[in-house]
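Note that our numbering has the sequence shown beginning at 97, numbered continuously upward. Glycine residues also receive a C-beta, built at the ideal position from the N, C-alpha and C atoms. To keep things clear, I will list the structure first and then write my remarks on it.
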Amino acid sequence: MAPRNVSQTTVTETAHDPHAIQAKWQAYWAENGTFLAGGDDDTRPRKYVLAMFPYPSGDLHMGHAENYLYSDIVARFWRHRGYNVLNPIGWDSFGLPAENAAIQRGADPREWTYENIAQQRESMKAYGVSFDWSRVLHTSDPDYYRWNQWLFQQLHERGLAYRKESPVNWCPNDQTVLANEQVVDGQCDRCGATVVKKKLTQWYFKITDYADRLLDDLNQLEGFWPTKVLQMQRNWIGRSVGADIDFAIEGRDEKVTVFSTRPDTLYGATFMVVAPDSDLAAELAAGASAEVRMRFQDYLEQTQKQTEIERQATDREKTGVFLDRYAIHPLTGERLPIWAADYVLADYGHGAVMAVPAHDQRDLDFARKFDLPVKVVVDTTAPITGAMPVIELDEDGVPIDVPLPSPAETGEALTGEGRMINSGPLDGLSKRNAIARVIEQLEAAGAGRAAKQYRLRDWLISRQRFWGTPIPMIHTEDGRIVPVPDEQLPVRLPEARDIDLKPKGSSPLGAATGWVETTDPETGAPARRDPDTMDTFVDSSWYFLRFLSPGNAEKAFDPKDALRWAPVDTYVGGVEHAILHLLYARFITKVLFDMGLVDFTEPFSSLINQGMVILDGAKMSKSKGNLVLFSDELDAHGADALRVALAFAGPVEDDKDWKDVSTTGAQKFLARALRVAADVTSEKDVVWAEGDQALRRVTHRLLADAPVLIEQTKFNVVVARLMELVNAIRKTIDAGAGAGAGAGAADPAVREAAEVTAMVLDLFAPHTAEEMWEQLGYEPSVGLVPWRSADPALLVEDEVTAVVQINGKVRAQLQVPAKIDSTALEALARSDERVLRAVGDGQIVKAIVRAPKIVSLVVK
């Protein structure tokens, strides 16, 4: 599309009115579709840049300002580098905040949501972010969540979506279940209420089937994702290697399987512990005496009042109930008493553990409390290598027998490695060899096998709330659960005004008679829709693919579009999503890969995590009264000053304290840049090579260094270098004032530097950059100008600064030729007056020279 004529507003009229400049250029970009991604006929290489989309809980905040600034810097940079860039935006618009706000106001959550979206959209446009506004999506639109439902059914068809009864995390305030990842320190991550356990029948995605791939594929992302995020993902998946061991239970036909990472200590097992809230504990207690059943029920009720954090605390006194049942040791035949104790969780392993108190501190604390046997099976004083042990002798030269410490007496478990003892055929073996041998024994006896276990649990996606994607399943009268036929999708939400949205412990949709009642698609008999909605993390697990085929009514996304654009090249967002969102998106991507719909297994090739914008060292919040409003800063200083100030405030990954962010300083810098462009008097076709060479070196160093710095996300350094260049231009202009033709403002180097300033400034302050570009006599848009190449000849330094250190302290700085050799550099350093004074009466005993930059002298 050919550019339209831009209003020829002069710099003198707009220099002090950033809002006029913003309005002018935003209108131009919108009218000309400047930042729309090119179509199939665009032959440029492609880049997909994406910022995590926002939740519409009000206007944008300073965290949003930082997030969308960084993604915009990257998107604009790749356009300058000749790429066809896709940079879309949408809204993660389902979720509890909208529903809770609607309940408080007696309103429809739709109204609250879409009003906030409209507000955020205007703020984003005012901020000058180069989004492709033709691809906007809202996850609460039926034409989006219809594909959530399609995705659910694809997983269900493959056995990856299933329903089961189990203890779940329950938020008593929001009256809904939470996935494990949504419980932070025992509290709901949404409202802060203490989470309790409750047994419900819920829908799950079988993410554990992908646990190994989710863990192993992190290796692909080394060097492209922050190390901290990779480690957080690895820890959350939490793969443990060990053995599944089958214990027979007296009076029970079916064996109980226990997972252990230390099967080598099997001969030290002296009792078994089961989680009191597990089905196994209830079954075992049911077969015991009335007295045991009563004690167990009291203990179970006590356990259910505690959070998992409390149950796992190592410093709390151990409690439990003997179930008057016994397990049989699979290798020795010994009878092991079975206890119910709250330090074992129902969803860990198989809900039961073999207790080896001599070598596990929690088991030892429990054994000492209830006077249970403690059997040492690892001699932690024995060497685990081939080295000879150190033997202590008495005065007669007789070896002193040093007994192992007794954990039962000391209260400290022996957790170190050593040699096996009291373990029959394992005696004398190291841990590694003992594990291999005992697994062989178990397999031979049909009592166990090598196994892996994960901290990761299946993804609980059911929510008992209204404002989410309805689960597209039908419950028939004869007990079947069948999918809603594809032609009936989407299953739309009913009107909120017809439903009581107040949380009651069950989904509001279940009480919406006209909505929930339907027919069995196979028989036509009366049936009921599933009343629950999906976790909103389902919405965000694949949204980056919907941006590729917006508005497609036939497919969630076109695989051909995915082949062209995906995966995302650069993904930008907060580290708070390091586990939840990223893990789920990785899982869904692998499912889609297995379905043959995408040709990649990781959704985000590189990841940028920004720090938070804080105030006086504390996180901003309305409740603390320390909120800096995005809209206020935008009104007060303009978009470009806000953008430059944030970019300059520090490294991307660091938190930025707002009191240290100088929007006033940014305004002054932008005004200087505008004046520089206005002062240029040379014509566009001037020969740059004839200009001031010192200024040209500053210009070309920026051209050469900026791409590397941008790819390293050192945006603050690029801004600093831009400020340096603008100051150098100003100095050259002022120095040449009145010096005649070709000097000062007419110097070709000044024009070249001003043009480069406008091009690079586009990354940070696009409105000002466009204004500069126009002042320099060019058609818009500067945002599409190809990045200029640096002249290698101008990057060669004639002189450099050499630092002279004496005993590690800098004593002198020397201006020396860039090509000086080590001998000459050392001689200069030794003869420098400052160095001679610092050496004084001492003697130089060693000189380390790294020409041309460093001379390090050791003086005694």
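On the criterion of 16 or more Cβ atoms from any shown chain inside 10 Å, does residue i qualify as buried, or is it exposed?
{"i": "Cys267", "result": "buried"}
{"i": "Gln216", "result": "buried"}
{"i": "Phe462", "result": "buried"}
{"i": "Ala732", "result": "exposed"}
{"i": "Asn212", "result": "buried"}
{"i": "Arg739", "result": "buried"}
{"i": "Pro99", "result": "Because the pLDDT of Pro99 is 40, which lies under 50, any placement of that residue in the model is unreliable, and the question is left without a value."}
{"i": "Glu929", "result": "exposed"}
{"i": "Asp781", "result": "exposed"}
{"i": "Gly936", "result": "exposed"}
{"i": "Val804", "result": "exposed"}
{"i": "Val280", "result": "exposed"}
{"i": "Pro150", "result": "buried"}
{"i": "Asp751", "result": "exposed"}
Return the residue from the list the options that minimises the CA-CA distance to residue i.
{"i": "Arg826", "options": "Ala773, Glu867, Ala802 and Thr609", "result": "Ala773"}
{"i": "Val945", "options": "Leu932, Gln939, Ser927 and Gln901", "result": "Gln901"}
{"i": "Lys686", "options": "Leu247, Met630 and Phe131", "result": "Leu247"}
{"i": "Val896", "options": "Asp917, Gly904, Val881 and Asn903", "result": "Asp917"}
{"i": "Leu575", "options": "Phe633, Arg259 and Lys905", "result": "Here residue 575 is Gly; the residue named in the question, Leu, does not match the sequence. Considering only alpha carbons, the answer is Arg259."}
{"i": "Ala652", "options": "Ile199, Ile213, Asn128 and Asp239", "result": "Asp239"}
{"i": "Ser189", "options": "Val804, Asp596 and Asp237", "result": "Asp237"}
{"i": "Asp313", "options": "Pro581, Val906, Ala478 and Phe696", "result": "Phe696"}
{"i": "Gly873", "options": "Pro888, Val892 and Ala850", "result": "Ala850"}
{"i": "Ala854", "options": "Ile704, Ser356, Lys949 and Arg172", "result": "Arg172"}
{"i": "Ala197", "options": "Met158, Pro152, Leu233 and Gln402", "result": "Pro152"}
{"i": "Pro114", "options": "Glu867, Gln327 and Gly288", "result": "Glu867"}
{"i": "His796", "options": "Ala540, Glu820 and Ser702", "result": "Glu820"}
Taking 8 Å as the cut-off, decide whether the C-beta atoms of residue i and residue j are in contact.
{"i": "Thr366", "j": "Val470", "result": "yes"}
{"i": "Pro622", "j": "Glu573", "result": "yes"}
{"i": "Gly416", "j": "Trp435", "result": "yes"}
{"i": "Leu857", "j": "Leu921", "result": "no"}
{"i": "Leu798", "j": "Ala161", "result": "no"}
{"i": "Ile535", "j": "Phe562", "result": "no"}
{"i": "Gln271", "j": "Gln560", "result": "yes"}
{"i": "Ala133", "j": "Leu182", "result": "yes"}
{"i": "Tyr50", "j": "Leu233", "result": "One cannot answer for residue 50 here, as it falls past the ends of the chain, which runs 97 to 956."}
{"i": "Leu165", "j": "Ser219", "result": "no"}
{"i": "Trp187", "j": "Val145", "result": "no"}
{"i": "Ile557", "j": "Asp626", "result": "no"}
{"i": "Leu552", "j": "Gly334", "result": "yes"}
{"i": "Ile199", "j": "Leu597", "result": "yes"}
For residue i and residue j, what's the separation of their Cα atoms in angstroms?
{"i": "Pro521", "j": "Leu538", "result": "13 Å"}
{"i": "Arg515", "j": "Arg358", "result": "13 Å"}
{"i": "Gly224", "j": "Ala865", "result": "12 Å"}
{"i": "Pro485", "j": "Ala530", "result": "Its pLDDT being 48, under 50, Pro485 is placed unreliably by the model, and nothing is read from it."}
{"i": "Gly620", "j": "Pro568", "result": "17 Å"}
{"i": "Phe765", "j": "Ile117", "result": "16 Å"}
{"i": "Asp635", "j": "Val449", "result": "37 Å"}
{"i": "Arg389", "j": "Val370", "result": "15 Å"}
{"i": "Ala737", "j": "Leu711", "result": "19 Å"}
{"i": "Thr760", "j": "Ala861", "result": "14 Å"}
{"i": "Gly707", "j": "Leu311", "result": "25 Å"}
{"i": "Ala282", "j": "Thr403", "result": "Looking at the sequence shown, residue 282 is not Ala but Gly. Near 6 Å, if we compare the C-alpha coordinates of Thr403 and Gly282."}
{"i": "Ala483", "j": "Ser526", "result": "With a pLDDT of only 48 at Ala483, under the threshold of 50, the placement of this residue in the model should not be trusted, and no figure is reported."}
{"i": "Ala532", "j": "Ser336", "result": "15 Å"}
{"i": "Ser262", "j": "Met716", "result": "38 Å"}
{"i": "Asp554", "j": "Ala816", "result": "48 Å"}
{"i": "Ser952", "j": "Ala934", "result": "13 Å"}
{"i": "Arg926", "j": "Glu893", "result": "24 Å"}
Could you tell me which residues DSSP pairs with residue i in its beta bridges?
{"i": "Asp340", "result": "Phe355 and Arg545"}
{"i": "Met868", "result": "Per DSSP, none; premise fails for Met868."}
{"i": "Cys284", "result": "Val279"}
{"i": "Arg421", "result": "Ile434"}
{"i": "Trp321", "result": "Glu318"}
{"i": "Thr614", "result": "Ala623"}
{"i": "His176", "result": "Answer by DSSP bridge pairing: none, since His176 is not bridged."}
{"i": "Met368", "result": "Ile434 and Met450"}
Under 7 Å from any heavy atom of the ligand SAM, does the C-beta of residue i make it?
{"i": "Leu805", "result": "This structure lacks the ligand SAM; in fact it carries no ligand of any kind."}
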